[in-house]
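A.B. asks:
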Amino acid sequence: MAEKYDLVVIGSGMGGLSSAALAVKKGYKTLVLESLGQVGGRYSTFEVEGCKCLTGACVIHYSGWVPKVFKEVGLKMELRDAQEVFYNVEGEEFPVPLENRVTALFDICNRAAGASGKAKNIGAGLVKEVGSKKLSGMFGKAVMDPKGLGGLTIKEWLMQYTDDPVAHGLFDSLSVGWVVAHSYEIPASEYFQFMATMKGMNDIGLSPQGNKYNMEMLAGYVKNGKSDIWLGSPVTKINIKNKQATSVVCKKEGGEEVEIECNAVISNCGPTLTAQLADQVDYSEEYLRDMRVKLRPIPTVMMHVASNEKLAMAGGEHGMELVSGMRRIMCAVPLTNSCPELAPKDTFLYHFVGMPKSTLVPMDPEEEIRQCMADLHDLYPNFDNVAKVVSIEARNCDDNLNYGRSWQAAPYQMPRETPIKNLWCVGDGNQSRGYVGTSGCAEGAFKAVDALKKTVKPS
Ligand SMILES: Cc1cc2nc3c(=O)[nH]c(=O)nc-3n(C[C@H](O)[C@H](O)[C@H](O)COP(=O)(O)OP(=O)(O)OC[C@H]3O[C@@H](n4cnc5c(N)ncnc54)[C@H](O)[C@@H]3O)c2cc1C
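Position one of the sequence shown corresponds to residue 89 (my numbering), numbered consecutively onward.
1) Considering Cα atoms alone, identify which of I348, N473, K331 is closest to D370.
2) When you compare only the Cα positions, how much space is there between I210 and Y468?
3) What are the partner residues of H439, as DSSP defines its beta bridges?
4) I need the DSSP call for D434, collapsed to helix, strand or coil.
5) Examine chain D for any beta-carbon lying closer than 9 Å to the beta-carbon of L110, and answer yes or no.
6) Counting only the same chain and skipping the five closest in sequence on each side, list residues whose C-beta sits under 6 Å from that of S412.
7) Do you know how far the Cα of K545 is from the Cα of A75?
8) Count the other CB atoms within 10 Å of the CB of G152; is the residue buried (16 or more) or exposed (fewer)?
9) Between D367 and M502, is the Cβ-Cβ spacing less than 9 Å?
10) Could you tell me the alpha carbon to alpha carbon distance between A49 and P185, rounded to whole angstroms?
11) Enumerate in chain order the residues of its own chain whose CB-to-CB distance from S271 is below 6 Å, with the five nearest sequence positions on each side excluded.
12) For W133, is the classification buried or exposed, using 16 other Cβ atoms within 10 angstroms of its Cβ as the cut-off for buried?
13) Between the Cα of V306 and the Cα atoms of M443, G101, T543, which residue gives the shortest distance?
14) Once the 5 residues before and after E181 are set aside, which same chain residues still bring their CB inside 6 Å of it?
15) Count the other C-beta atoms from every protein chain shown that fall within 10 angstroms of the C-beta of V136, then say buried if there are 16 or more, exposed otherwise.
16) At a cut-off of 8 Å, is S321 close to ligand 1 when judged by its beta-carbon and the heavy atoms of the ligand?
17) My output table needs one value for Y500: the three-state DSSP class, helix, strand or coil.
18) Indicate whether V147 and S106 have their beta-carbon atoms separated by less than 9 Å.
19) Can you tell me which of the three DSSP states M451 falls into?
20) In whole angstroms, what is the alpha-carbon distance linking I98 and V323?
21) Could you give the first and the last residue of the continuous alpha helix (DSSP H) run that contains R377?
22) Does the Cβ of M232 have 16 or more other Cβ atoms within 10 Å, making it buried, or fewer, making it exposed?
23) Pairing CB atoms from the region 527–541 with CB atoms from the region 294–310, are three or more of them under 8 Å?
24) Which of the three DSSP states, helix, strand or coil, is assigned to P183?
25) Secondary structure at T324, three-state DSSP: helix, strand or coil?
26) By a C-beta neighbour count over all protein chains shown, 10 Å radius and 16 as the cutoff for buried, is G358 buried or exposed?
27) Assess, as a yes-or-no matter, whether the region 469–485 is touched by the region 434–451 under the definition of 3 or more beta carbon pairs within less than 8 Å.
28) Which of helix, strand or coil does DSSP assign to S271?
29) Ignore the nearest five residues each way along the sequence and tell me which others in V57's own chain have a CB closer than 6 Å to its CB.
30) Do V514 and Q496 have their CB atoms nearer than 9 Å?
31) Does the count of Cβ pairs from the region 274–281 and the region 419–438 closer than 8 Å reach three?
32) Rounding to the nearest angstrom, what Cα-Cα distance links E166 and K433 in this structure?
33) With a CB to CB cut of under 8 Å and the five nearest residues on each side skipped, what residues in its chain are close to G522?
34) What do you get for V478, buried or exposed, if any count of 16 or more other CB atoms within 10 angstroms of its CB means buried?
35) For G492, collect the residues of the same chain with a Cβ closer than 6 Å to its Cβ; drop the 5 residues on either side in sequence, then sort them by chain order.
36) Could you give the first and the last residue of the continuous alpha helix (DSSP H) run that contains Y523?
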């Protein structure tokens, strides 16, 4: 048996490491156990041929909860502005203004009508069919009264007004971008409820040294003193006695199993794995059923492309592009437009995200990669002469670091509290209503540590 800790945190993703840092600040002797060889989970970096590639999250919201965690423990995140957004409609780029980005969708359809090429006719078609005033009005009504939409999906809701494929493509990109579900999968009421709560998040930044740099800064704070982080140490069991977590078992390098006694556990490995680690002892049928029904883990393809010529957002703008009308690619981020430090000199580094047609079932990874590659070649006909793929990962539903443990709308999340009194879950799949991504994970960390304070005193 190793020495005893007040708190064991399972996993060093945004939720876990934020919880650990906040607990250390409050005086809790904390041990973080991380199965991988580095911290950060889906907000970290790995290096290929001098390119700093993302393990997941790309941008951080300045006004969100992640910078608040750093501030709370006296640190400052290193971030650089990346606020511009473009819609890419079948290869043609349309800038989105900083204000009212969602309703700006309709402006873009208008502007597309005045532009040349394929998008011209499609954009004009939407506005002509529906009328821009009516488009904005119906959108506003849906945001104000999401419940009035009944059981329609977003696609069905939009079908009432238009069957224009580009309008549907843009709404699908927005739906995937906001709630990580396709427009034909998620109820429109959930989507608009989400829009009403979130109100827009335009203040975003990229980490110029790579995400790992920021997470290692936070890890440094945790390790400074009586607390510690063990990398390469997967937790294999949470021991429960009298409905309380009493210790965890982890596997150290070389296969040795170590038991660590503790007064509380915050788990960042997701509600499903957490329940399995606890052998579902004292877990109610209701909780287990909720977990099966609510959680919607999302498969995705993540790619990094290095190029000696600018591809997406070739004007050098700092931000990202939502892509519509392709087979799989939904999002392109020109990382080096804002942060040239992320790649060797004269190399442009891009992050692409591809989504299978269904987020509800496991994907066929090889087929999805083929489809994404076909998209890259369609988007950039000169691709083979100027660019190459430096990393490509098809993360399936059951992958530890898949896109997300659930769609990012309230009914698809589990509570942070578990049926075990001193065991909480933080991170994706356990976010509060209206919070998403890394910000939702960090917000959950504040809440979990507040709950910890009410239950367990620091030693
Ligand atoms: C392609 C993509 C793009 C995204 N873009 C954005 C974005 O731009 N902005 C944004 O805010 N969010 C974005 N997200 C979402 C964001 O990445 C996640 O919300 C967030 O990083 C998840 O953090 P988490 O706290 O759930 O922990 P995770 O990142 O899931 O980390 C969990 C950690 O637990 C460890 N672990 C698992 N099992 C065990 C075990 N048994 N023992 C010990 N350790 C274990 C894992 O190794 C991992 O390190 C994106 C995600 C993806 C995949």
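All residues carry an ideal CB built from backbone N, CA and C; glycine is no exception.
C.D. replies: According to the structure shown:
1) K331
2) In this prediction, I210 scores a pLDDT of 41, lower than 50, which makes its location untrustworthy; no coordinate-derived value is stated.
3) H392, V421
4) coil
5) Considering every chain present, this structure includes no chain D. It has just one protein chain.
6) V177, G257, L258, S261
7) This structure does not reach residue 75, given that the chain is present from 89 up to 547, and the question cannot be answered.
8) buried
9) no
10) The displayed coordinates of the chain run from 89 to 547. Any statement about residue 49 would go beyond what the structure contains.
11) I242, K243, F259, D260, S263
12) The question names Trp, but residue 133 in the sequence shown is Thr. The residue is buried, with at least 16 neighbouring Cβ atoms inside 10 Å.
13) Looking at the sequence provided, one finds Leu at residue 306 rather than Val. With distances taken between Cα atoms, L306 lies closest to G101.
14) F174
15) exposed
16) yes
17) helix
18) no
19) coil
20) 7 Å
21) 373–382
22) exposed
23) no
24) strand
25) strand
26) buried
27) yes
28) coil
29) Because residue 57 is not part of the residues shown, which for the chain are 89 to 547, the question remains open.
30) no
31) no
32) 21 Å
33) F282, T285, M286, A498
34) buried
35) V268, I386, D516
36) That residue, Y523, is in no alpha helix (DSSP H); it is neither H nor E in DSSP.
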